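Chemist: Convert by adding 300 to the 1-based position in the sequence shown; the result is the number in my numbering.
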Amino acid sequence: METITPNTENSRSEIITENQAQEALRLLLRYIGEDPDREGLKGTPDRIIRMWREIFRGYNPAEKPKITTFENEDKLTDLVFDCGDFYSMCEHHVLPFFGRYYFAYIPSPEGRILGISKVARVVGYCAARLQLQERLARDIVKMLSDALENRALGFAIAMQGSHLCKSMRGVRNAGRMSVSHFTGVFNHNPELRKEFYKLIDLNKNG
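#1: DSSP three-state call for Asn319: helix, strand or coil?
#2: According to the Cβ coordinates, are Arg429 and Tyr359 closer than 9 Å?
#3: Cβ-heavy atom distance between Glu410 and the ligand ATP below 8 Å?
#4: Let me check understanding here. Comparing Cα to Cα, which of Arg338, Ile349, Arg476 lies closest to Glu325?
#5: With distances taken between CB atoms, is the gap from Phe370 to Ser462 smaller than 9 Å?
#6: Is Gly461 helix, strand or coil when you go by DSSP?
#7: Can you tell me the Cα-Cα spacing of Phe386 and Ala404, whole angstroms?
#8: Report the three-state DSSP secondary structure of Arg350 (helix, strand or coil).
#9: Within a Cβ cutoff of 6 Å, which residues of the same chain sit near Ile413, ignoring the five residues on either side of it in sequence?
#10: Can you tell me whether Ser388 is buried or exposed, with buried defined as 16 or more other CB within 10 angstroms of its CB?
#11: Once the 5 residues before and after Lys375 are set aside, which same chain residues still bring their CB inside 6 Å of it?
#12: Start and end of the beta strand (DSSP E) containing Tyr359?
#13: Could you name the residues of the same chain whose beta carbon sits closer than 6 Å to that of Leu453, not counting the 5 residues immediately before and after it, in chain order?
#14: Between the Cα of Lys504 and those of Gly475, His481, Phe482, Met459, spot the shortest distance and give me the residue it belongs to.
#15: The beta strand (DSSP E) spanning Gly470 covers which residue range?
#16: Given this structure, state the Cα-to-Cα distance separating Leu492 from Gly424, to the nearest angstrom.
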């Protein structure tokens, strides 16, 4: 599955203006049977546009996080683990999906290591687009691998998400979806994968 290459801010502004976007939203409000001029909805198109700038910042290269890395002076090859929450929007129905991510990597003794907050920042940036959960996992790994000049020994990521397009419509079932993606040594070393899943269990229960 291909990763997403964000559009530039300039290309977006040349295609459509903010006023045009607001008029399109007013038209959609009329389509569902609402009156965009009633008191409660007068400012809604503007509020949606301002919200979209934030939740879809992943299309704006200017918002791309600076990924600080450090020389691996001690030649570390330990498994490094991180976890946290993510929020994204499903590309099929433009409804939220959200949940927990669990990430690990093994640095190269001859390479570099990631700054402690950079995984969460990359997750937030990659999630701030219309996404598929499967693609999101790969986007995150690719961006972090690129930052380490593709020299890390391996990456592992697992994501468990709840999809409102499943619980609000269609089957109306609140079940969660799990996705995992492995590269490098995680692909062919079952003991490393076992350690990764053990860390996930510890952080779920902790």
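Just so you know, even glycine gets a beta-carbon here, dropped at the ideal spot from N, CA and C. Computed from a predicted structure; not experimentally measured.
Modeler: Put simply:
#1: Annotated three-state conformation of Asn319 is helix, per DSSP.
#2: It is a contact, given that the beta carbons lie within the stated cut-off.
#3: As far as ligands go, the structure on display features none, and thus does not contain the ligand ATP.
#4: At residue 325 the sequence reads Leu, which differs from the Glu that was named. Answer by Cα proximity: Ile349.
#5: In this structure, Ser462 does not lie closer than 9 Å to Phe370 by Cβ.
#6: Strand.
#7: Put simply, the backbone Cα of Phe386 is about 16 Å away from that of Ala404.
#8: Per DSSP, reduced to three states, the secondary structure at Arg350 is helical.
#9: So the qualifying residues of the chain are Phe370, Asn372, Pro407.
#10: Burial call: buried.
#11: The residues Pro409, in chain order, have a CB closer than 6 Å to that of Lys375 in the same chain once the five nearest residues on each side in sequence are set aside.
#12: For Tyr359, there is no enclosing beta strand (DSSP E), since its DSSP letter is neither H nor E.
#13: In its chain, beyond the 5 residues on either side, Ile406, Ser408, Gly484, Val485 have a beta carbon closer than 6 Å to the beta carbon of Leu453.
#14: Comparing Cα-Cα distances from Lys504 to each of Gly475, His481, Phe482, Met459, the minimum goes to Met459.
#15: Taken as a continuous stretch (DSSP letters only), Gly470 belongs to no beta strand (DSSP E), as it is neither H nor E.
#16: Approximately 26 Å between the Cα atoms of the pair.
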